[in-house]
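Under the working numbering, the final residue of the sequence shown carries the number 343; numbering is consecutive throughout.
Ideal Cβ placement from N, Cα and C applies to all residues, glycine included.
The model shown is predicted, which means the values in this text are computed figures rather than measured ones.
Everything below concerns the one structure shown next.
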Amino acid sequence: MNYYFHSSKWSTILIWKVKARICFFIVIAAVVAIFYETFIEKSVGPEQTKCTPGKFLLPGMNSCHLWLTCTDIKKDVNISSIVLGIGAQKIVKEGRWHQYPVAVNVLDLTHYSEDLMYGLEMLKLLSSQPKIIQLVGWCVDNGSLAVVITEKHSLGSADNVASVLEHHFPQHNTLATRFRLCFEFVFILHFLHSQPGGSYVMCDTNDPMKTLSQFLLTDNLTLVLNDVDALPQVRRGSGHLIKCGKVELSGPYVAPEQLWPFDEMPFIDTMMPSYDEKVDIWKIPDVCNVLIGDAHGAGALKLHLFNIHSQCRELEPSKRPTAEKILQVYDSIKRTLKL
C-alpha cells in the first residue's frame, strides 16, 4: 500500500475542510455586517463617515483633521461651564473647537489613575470604528492640564432613551426603532468580543441603566460606545481571563461566575476566580428589555426573544451563545415580525 499517497490525499481533504470552514465563518460575518448596515440605513439613514486612525471628522467638516494636540487645544478649544456629565474621575463639559461643538472630558488630577490613561489608549485604538465615540484630541500637560476631547452628541446617554423617544422623536418611538437599538447594543458587544488580540469585556455595567449610560445616542438615533475606561481584555491564547474590579459584586444582573463562590469566608480579591466575555452575554436580556420597553407589540417580540434570551442566562458560561449567534437570531425575528 502506498502510505504516502493516502497521507497526501487525506492532507488535501483536511486542507479543503479547513478552507471551507474559514469561508463559512467569513460568509456568516459578512451577512451580519450587511444586515447591520441595512438595518441602520433603512431606519434612520446612513451613519457618519469615520476617518483613518489619527484623524477625526465632525459633522459639517469637509475633510478629516489630525487629532488635536495640547497646542491646538490651548489655542482653539473653548471650554464652557455647561456640564454634560459627571463620572468618578472626570467631568464632561461642553466645548467648542472653532465652530464645532465637542465634549471636553476634564480628568480629575487628584484621583488620576491608570484607568484614565487606559481609556485614552482604548480611544486611540478603537475610535476610528463606526460604533465607538470619535476621539478629537487630548492634552496631558505635566499635571497642569488633563483633558480628552471627543465628539459631542446632543441627545446624551442611552439610559435616557425612553424619554428621548417619547418627548423628542415620538414618530420614531416604535418597536422597530427600539429593537434596532437592542440589535446595536449586541452588535457593539460582538465588535468588542471579536478583536484580534482577544475579547474586550464591558466591566462598568453593574445594572441595565448603568450599562446604557456607557453609550450615547446620535442624532440618527443610533448607539455609540462612549466610555471605554473599563474594558479589560481576555487573551485565550495565553490563558488570560479577567475580573471586573477588586470588590465583591452582587445582584441578579451580575453573571453567576462574577459572584463570590465561598459563602463560608469573606471576600478576598486574590481568591476570586477570573472569567471571560460571557459575562456580557448574561446581561443582554435585561438591557434589551429596557430598550424595548412597553412599545406597542413589545409582548409579542419578547415572546419571540424568550428562547435566545434564556440561553443567555445559562449558568454555565460556555453554554451561552456568542454575540454573533444572537445577532443571527435577532435578524430572523426581525424578518418574522417584519420590523
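1. How long is the line joining the alpha carbons of residue 341 and residue 180, rounded to whole angstroms?
2. If the criterion is Cβ atoms closer than 8 Å, does the pair residue 238 and residue 280 meet it?
3. I'd like to know if the stretch 83 to 97 and the stretch 166 to 178 are in contact, where contact means that at least 3 CB-CB pairs between them fall below 8 Å.
4. Does DSSP put residue 204 in a helix, in a strand, or in coil?
5. Cutting at 7 Å between CB atoms, please list the residues of its own chain near residue 130, excluding the five before and the five after it.
6. Which same chain residues, not among the five before or five after residue 105, have their C-beta less than 6 Å away from its C-beta?
7. Does the separation of the CB atoms of residue 209 and residue 218 fall below 8 Å?
8. At which residues does the beta strand (DSSP E) containing residue 90 begin and terminate?
9. What residue does the beta strand (DSSP E) around residue 105 start on, and which one ends it?
10. Does residue 230 pass the burial test, meaning 16 or more other C-beta atoms within 10 Å, or should it be called exposed?
11. Give the range of the beta strand (DSSP E) segment to which residue 72 is assigned.
12. Three Cβ pairs or more, each shorter than 8 Å: is that satisfied between the stretch 183 to 193 and the stretch 288 to 298?
13. What are the boundary residues of the beta strand (DSSP E) that includes residue 143?
14. Only counting the same chain, and skipping five residues up and downstream in sequence, which positions put a Cβ closer than 6 Å to that of residue 299?
15. Buried or exposed: residue 85, going by 16 or more other Cβ atoms within 10 Å of its Cβ?
16. Let's see if you can read the secondary structure: which residues bound the beta strand (DSSP E) around residue 150?
17. Helix, strand or coil, according to DSSP, for residue 192 in the structure here?
18. Starting from the Cα of residue 249, find the closest Cα among 79, 206, 270 and give me that residue.
19. Using 8 Å for Cβ pairs, my map puts residue 57 next to residue 132. What's the rounded Cβ distance?
20. Work out the CA separation of residue 317 and residue 335 for me, nearest whole Å.
21. Tell me where the alpha helix (DSSP H) around residue 101 begins and ends.
22. Bridge partners for residue 227 per DSSP, in chain order?
23. Within its chain, find whatever has a CB closer than 7 Å to the CB of residue 77; leave out the 5 residues flanking it on each side and keep chain order.
24. Suppose you measure from the CA of residue 338 to the CA of residue 309; what does that come to, to the nearest Å?
Quick answer:
1. If I take the Cα positions, the gap works out to 10 Å.
2. In contact: residue 238 and residue 280 (Cβ atoms closer than 8 Å).
3. No, because fewer than three Cβ pairs between the stretch 83 to 97 and the stretch 166 to 178 fall closer than 8 Å, the two stretches do not touch.
4. Reduced to three states, the DSSP call for residue 204 is strand.
5. The residues are 136, 232.
6. If we look at residue 105 and ignore the five residues flanking it on each side, its Cβ neighbours are 156.
7. Yes, the Cβ-Cβ distance between residue 209 and residue 218 is below 8 Å.
8. 81 to 90 is the extent of the beta strand (DSSP E) around residue 90.
9. Start and end: 104 to 111.
10. Classification for residue 230: buried.
11. Here residue 72 belongs to no beta strand (DSSP E), and DSSP marks it neither H nor E.
12. Output reads yes: the stretch 288 to 298 touches the stretch 183 to 193.
13. Where residue 143 is concerned, the enclosing beta strand (DSSP E) stretches over 139 to 145.
14. Contacts found: 179, 182.
15. It is exposed - the Cβ of residue 85 has fewer than 16 other Cβ atoms within 10 Å.
16. Judged by DSSP secondary structure, residue 150 falls within the beta strand (DSSP E) whose first and last residues are 149 to 155.
17. Three-state DSSP puts residue 192 in a helix.
18. Selected option, being the one with the closest Cα: 206.
19. Going by Cβ atoms, the distance from residue 57 to residue 132 rounds to 5 Å, so yes, they are a contact pair.
20. Near 20 Å, if we compare the C-alpha coordinates of residue 317 and residue 335.
21. Following the DSSP letters along the chain, one finds residue 101 in no alpha helix (DSSP H) but inside the beta strand (DSSP E) bounded by residues 94 to 101.
22. Under the DSSP definition of a beta bridge, residue 227 partners with 221.
23. Excluding positions up to five away in sequence, the list reads 141, 143, 151, 153.
24. Between the alpha carbons of residue 338 and residue 309 lies a gap of roughly 10 Å.
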